[in-house]
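One structure below.
Protein chains: 2
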Amino acid sequence: MSNGRNFRELLEGKWDEGKFLCVGLDSDITKIPKAAEKEDTRTTIVGFNRAIVDATKDIVCAYKPNSAFYESHGDQGIAALRETIMYIIENAPGVAVILDAKRGDIENTNEQYARAAFEYLQADAVTVQPYAGGEALQPFLKRSDKGVIVWCRASNNGAGEFQDLLVDGQPLYKHVAQRVATTWDKNGNCAVVVGGTYPKELGEVRAIIGDMPILVPGIGTQAGSLEKTIKNGLDSRKKGLIVNAARSIIFASREADFAEVARAKTQELHDAITKAL
Amino acid sequence: MSNGRNFRELLEGKWDEGKFLCVGLDSDITKIPKAAEKEDTRTTIVGFNRAIVDATKDIVCAYKPNSAFYESHGDQGIAALRETIMYIIENAPGVAVILDAKRGDIENTNEQYARAAFEYLQADAVTVQPYAGGEALQPFLKRSDKGVIVWCRASNNGAGEFQDLLVDGQPLYKHVAQRVATTWDKNGNCAVVVGGTYPKELGEVRAIIGDMPILVPGIGTQAGSLEKTIKNGLDSRKKGLIVNAARSIIFASREADFAEVARAKTQELHDAITKAL
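Which chain is which? The protein sequence lines are S and D, in order.
For my numbering, add 175 to where a residue sits in the first sequence, where the first one is 1.
For my numbering, add 175 to where a residue sits in the second sequence, where the first one is 1.
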């Protein structure tokens with residue numbers, strides 16, 4: 176079952192090196208530079224990802240391929256996703272791979288989703304939906320070597336439609352954070368997602384969950400404030416953050432120099448994080 | 176973009192024929208009878224599904240392949256899922272195909288999930304997560320030819336962990352139903368999922384959403400009460416229900432007679448629904 180990797184250990188290793196940045200591999204084929212085009216969809220996506228990984232792997236703590244951008248290409252896309260993860264495991268072995276898939280269903284279905292994420296794709300962690308509760312998520316939660324990253328506060332403008340509804344005087348997303356921290360995290364493998372577009376909420380979630388890792392998307396294109404994210408998101412050890420940037424790094428240049436420019440953008444964000452620490 | 180099919184029209188056509196049953200294609204390869212085994216995973220799954228479809232297509236209103244059971248087999252599983260849907264469209268053209276995938280992310284990611292469901296897989300409808308709100312779901316909602324089936328009340332034991340939390344004195348799942356009915360359904364293409372294991376909640380949701388379709392899983396293996404489901408779930412026209420059974424039909428026999436037995440079980444459930452109407 177296990178491939179010998181442990182999500183939390185990988186993260187802690189990179190945090191010890193002062194690395195908090197995660198590169199989101201939202202590898203939309205319509206934005207991949209002409210210079211990176213290969214014979215077909217699968218090889219183009221994998222080739223692009225390999226170039227991004229080679230250019231950035233010594234600066235980051237994680238990669239986060241977004242499943243949707245692969246699924247939209249069907250079986251070829253899924254094969255490209257697996258090949259990408261295999262490449263990272265082989266060539267950047269200390270860097271964690273987070274499958275961003277926002278999965279969630281009832282338990283017997285989640286068994287199959289966990290198998291897809293952890294056995295077929297060999298991801299170190301997966302993002303999941305809280306809606307059906309912790310009982311349904313057992314097939315993920317029981318995998319103590321794998322990270323289970325619960326969508327707590329989304330980064331989109333309309334995130335508050337349900338997440339801000341008040342239950343006993345506090346918003347739903349705080350109840351989600353509480354349940355994860357107090358009940359779901361029996362194996363110490365949980366984390367939560369809080370959008371970088373909501374720095375106040377990020378601080379409130381941190382106050383609830385202790386030193387649990389937080390994945391923060393929405394830095395970069397979605398214009399979350401990096402400084403506030405760091406200030407409000409760090410745990411008591413000045414660690415605990417996975418700061419994701421995707422489009423603003425991987426598509427910073429649409430020319431043949433895309434990998435080089437991606438590295439420069441990654442370094443720039445890494446330096447900004449280091450400064451804010 | 177469109178393949179000329181319309182989810183709601185397909186459903187209405189079958190309801191007019193008195194057909195309310197949906198067969199869930201949760202085609203777990205470890206449960207597929209030895210007699211149906213073919214040369215590889217893809218051909219075994221597709222062959223099994225074809226036999227089930229051939230045996231039941233004149234009795235049902237929809238098929239509901241559960242994406243997880245295909246994703247766990249990687250690219251081969253995804254290819255099998257597409258082939259299955261193509262087979263249904265070709266050989267049971269009046270029967271709707273619901274992709275049960277419980278997808279949901281922010282808008283630019285949902286664009287890709289919608290593409291996967293509707294373009295690559297050619298599904299007529301997809302189940303989605305409510306957690307990030309209606310704004311995030313626009314890429315699904317704007318496809319007026321396609322059904323967008325929102326997970327409202329899950330069928331699992333632990334569904335109430337968040338779904339029963341009280342907001343302004345009423346449980347969260349009712350707020351979800353209200354938002355779908357009053358705000359999200361501008362194109363008349365929405366539906367909701369309510370587990371057959373919760374007949375009381377089903378009646379409450381029906382009272383909120385008017386004549387919107389309800390997909391009811393949890394009949395059969397999960398032991399939801401069929402009679403109560405029909406009584407509480409029908410709309411004002413005595414229509415509006417998609418009653419799903421999966422394991423109790425497709426794996427009713429694990430021998431060479433599996434398709435024949437699946438037909439008998441489907442007919443039995445159909446007759447029970449007709450009687451309850």
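Beta carbons are placed, not taken as given, at the ideal position from N, Cα and C, and that holds for glycine.
State yes or no: is the beta carbon of residue i nearer than 7 Å to at least one beta carbon in chain S?
| i | result |
| --- | --- |
| T284 (chain D) | yes |
| Y348 (chain D) | no |
| E376 (chain D) | no |
| V419 (chain D) | Residue identity check: residue 419 (chain D) is Asn in the sequence provided, not Val. No, its Cβ sits nowhere closer than 7 Å to a Cβ of chain S. |
| Q287 (chain D) | yes |
| I281 (chain D) | yes |
Following the continuous alpha helix (DSSP H) through residue i, name the residue where it begins and the one where it ends.
| i | result |
| --- | --- |
| I352 (chain S) | It should be pointed out that residue 352 (chain S) corresponds to Ala in this sequence rather than to Ile. Per DSSP, A352 (chain S) belongs to the alpha helix (DSSP H) from L347 to R354. |
| T259 (chain D) | G249 to N266 |
| K361 (chain S) | Looking at the DSSP string, K361 (chain S) is not in any alpha helix (DSSP H), and its letter there is neither H nor E. |
| Y373 (chain S) | That residue, Y373 (chain S), is in no alpha helix (DSSP H); it is neither H nor E in DSSP. |
| Q287 (chain D) | E282 to A289 |
| E443 (chain D) | F433 to A451 |
| Y245 (chain S) | A243 to E246 |
| I405 (chain S) | L401 to G408 |
| F337 (chain D) | G335 to Q338 |
| F315 (chain D) | Q313 to L316 |
Over the uninterrupted beta strand (DSSP E) stretch that includes residue i, give me the two end residues.
| i | result |
| --- | --- |
| R328 (chain D) | G322 to R328 |
| L390 (chain D) | I389 to V391 |
| I273 (chain S) | A271 to R278 |
| I417 (chain D) | L416 to A420 |
| A300 (chain D) | A300 to V303 |
| A237 (chain S) | A237 to P240 |
At least one CB of chain D closer than 7 Å to the CB of residue i: is that the case?
| i | result |
| --- | --- |
| R318 (chain S) | no |
| A237 (chain S) | no |
| A469 (chain S) | Given a span of 176 to 452 for chain S in the structure shown, any question on residue 469 (chain S) remains unanswerable. |
| A456 (chain S) | Coverage of chain S is limited to positions 176 through 452, which leaves residue 456 (chain S) absent and any answer about it impossible. |
| K232 (chain S) | no |
| K277 (chain S) | yes |
Taking Cβ-Cβ distances shorter than 8 Å, what residues in chain S pair up with residue i?
| i | result |
| --- | --- |
| K361 (chain D) | Near K361 (chain D) there are no residues of chain S at all, since even the closest Cβ is about 15 Å away, more than 8 Å. |
| K403 (chain D) | The contacting residues do not exist; K403 (chain D) stays about 20 Å from chain S at best. |
| K406 (chain D) | Ordered by position in chain S, no residue passes the 8 Å Cβ test against K406 (chain D), which lies about 24 Å from the chain. |
| R257 (chain D) | G249 and D250 |
List the residues of chain D that residue i touches, going by C-beta distances under 7 Å, in chain order.
| i | result |
| --- | --- |
| L341 (chain S) | V342 |
| R354 (chain S) | E336 |
| R225 (chain S) | Residues of chain D passing the Cβ test: none, with the nearest at roughly 18 Å. |
Whose Cβ in chain S lies nearer than 7 Å to the Cβ of residue i?
| i | result |
| --- | --- |
| N178 (chain D) | Going along chain S, no residue has its Cβ under 7 Å from N178 (chain D), so there is no contact; the nearest lies around 15 Å. |
Quick one: list the residues of chain D neighbouring residue i, beta-carbon separation under 8 Å, in chain order.
| i | result |
| --- | --- |
| V351 (chain S) | F337 |
| R491 (chain S) | Nothing about residue 491 (chain S) can be reported from this structure: the residues present for chain S run from 176 to 452 only. |
Residue i touches chain S at which residues, Cβ-Cβ below 9 Å?
| i | result |
| --- | --- |
| K189 (chain D) | Under the 9 Å cutoff, chain S gives no residues; its nearest Cβ is about 25 Å from K189 (chain D). |
Item to complete: Can you give me, in chain order, the residues of the region 199-223 of chain D that have a beta carbon less than 7 Å from any beta carbon in chain S?
Response: none
Discussion item. Tell me which residues of the region 239-251 of chain S have at least one Cβ-Cβ distance to chain D shorter than 9 Å, keeping chain order.
Written reply: N241, S242, A243, F244, Y245, E246, S247, H248, G249, D250 and Q251
Worksheet entry | Interfacial residues, the region 363-374 of chain D to chain S, with Cβ spacing under 8 Å | none
Discussion item. What are the residues in the region 429-450 of chain D lying within 7 Å of chain S by C-beta distance?
Written reply: none
Worksheet item: If you scan the region 180-223 of chain S from start to end, which runs of the beta strand (DSSP E) of 3 or more residues do you find wholly inside it?
Response: 196-200
Worksheet item: Which residues, taken in chain order from the region 290-316 of chain S, show a beta carbon closer than 8 Å to some beta carbon of chain D?
Response: R290, A291, E294, Y295, L296, Q304, P305, Y306, A307, G308, G309, E310 and A311
Worksheet item: Can you list, in chain order, the residues of the region 321-334 of chain S whose Cβ is nearer than 8 Å to any Cβ on chain D?
Response: W326, A329, S330, N331, N332, G333 and A334
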